[in-house]
Amino acid sequence: MNRDQQELRRKSPVQIRNKKASFEYAFIDTYTAGIVLTGTEIKSIRLGKASLVDAFCYIHNGEVWVKGMNISPYFYGSYSNHEAMRDRKLLLSKREIHSLIEDSKAPGFTIVPILVFIDSHGRAKIDIVLARGKKEYDKRQTLKEKEDRREMDRAMKHY
33 MNRDQQELRR
43 KSPVQIRNKK
53 ASFEYAFIDT
63 YTAGIVLTGT
73 EIKSIRLGKA
83 SLVDAFCYIH
93 NGEVWVKGMN
103 ISPYFYGSYS
113 NHEAMRDRKL
123 LLSKREIHSL
133 IEDSKAPGFT
143 IVPILVFIDS
153 HGRAKIDIVL
163 ARGKKEYDKR
173 QTLKEKEDRR
183 EMDRAMKHY
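Going by the numbering used here, the sequence shown opens with residue 33, and the numbers climb by one from there.
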């Protein structure tokens, strides 16, 4: 991911994060994918009515899908409103998909969505990561580092 892509993500008006993922997993590799959505789904995402809690990705027939992503039904939608918890197809290049297939075969690895955002063209994109589950002691270490950073920030604030 280059600096321009990071800058676009920061400027995006909609950023739906999976905060629990960084605590539960160690990130190995990051990919940005498009999402196949219906009209009412994109409207709900633009309003920030989506959640990545307990979402994960799987590969079926050479395609990457996200499961467990909750996009709330659009308030003004009628009979054509979408189902909130349906599986959604992700758009990646063949090279990226083959790389994910090979890397996720190893035990302990999984594919986790971490961020949904709107790009500069108005399209919904999702950042997914190849991740390895953390052990209990890794989680304790992460909490300790976070607490140490907070204490340092507090100490610097007083000077």
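The C-beta atom is built at its ideal place from N, Cα and C for all residues, glycine as well.
Spatial distance of residue i from residue j (CA atoms)
i, j, result
"LYS121", "ARG172", "35 Å"
"MET117", "VAL148", "15 Å"
"GLY66", "LEU123", "5 Å"
"LYS51", "ILE146", "7 Å"
"ASP135", "ILE60", "10 Å"
"LYS189", "HIS153", "39 Å"
"GLU73", "ASP86", "19 Å"
"GLU95", "GLU183", "45 Å"
"GLU177", "LEU84", "25 Å"
"SER104", "ALA53", "21 Å"
"ARG186", "ALA58", "27 Å"
"ASN102", "ARG127", "28 Å"
"PHE107", "ARG181", "41 Å"
"GLU179", "SER131", "36 Å"
CA nearest to the CA of residue i, picked from the options
i, options, result
"SER112", "ALA58, SER136, ILE146 and LYS75", "LYS75"
"THR142", "VAL46, GLY66, ILE91 and GLU73", "ILE91"
"THR13", "ARG155, SER54 and HIS190", "Outside the modelled stretch of the chain, which goes from 33 to 191, sits residue 13, for which no answer is possible."
"GLU56", "LEU175, MET188 and SER131", "LEU175"
"ASN97", "ILE133, TYR108, PRO105 and LEU79", "Strictly speaking, residue 97 in this sequence is Trp, with Asn absent from that position. Ranking ILE133, TYR108, PRO105 and LEU79 by Cα distance to TRP97 puts ILE133 first."
"THR70", "GLU115, ARG181 and LYS126", "GLU115"
"VAL68", "SER131, PHE107, ASP180 and LYS157", "LYS157"
Own chain residues within Cβ distance below 7 Å of residue i, not counting five before or after
i, result
"ARG78", "VAL46 and ILE150"
"GLY140", "ARG164 and GLY165"
Assumed close pair residue i, residue j - CB separation to whole angstroms, cut-off 8 Å
i, j, result
"ILE129", "ALA82", "Their Cβ separation, rounded to whole angstroms, is 23 Å, which puts ILE129 and ALA82 out of contact at 8 Å."
Spatial neighbours of residue i in its chain, beta-carbon cut-off 8 Å, leaving aside the 5 residues before and after
i, result
"PHE88", "VAL98, LYS99, GLY100, THR142, ILE143, VAL144 and PRO145"
"ASP119", "TRP97, VAL98 and LYS99"
Cβ-based burial, residue i [other Cβ within 10 Å; buried from 16]
i, result
"LYS137", "exposed"
"LYS167", "exposed"
"TYR273", "Since the first and last residues shown for the chain are 33 and 191, residue 273 lies out of range."
Close-in-space but distant-in-sequence residues of the same chain around residue i (CB under 6 Å, 5 per side omitted)
i, result
"GLY80", "VAL46"
"GLY109", "THR72"
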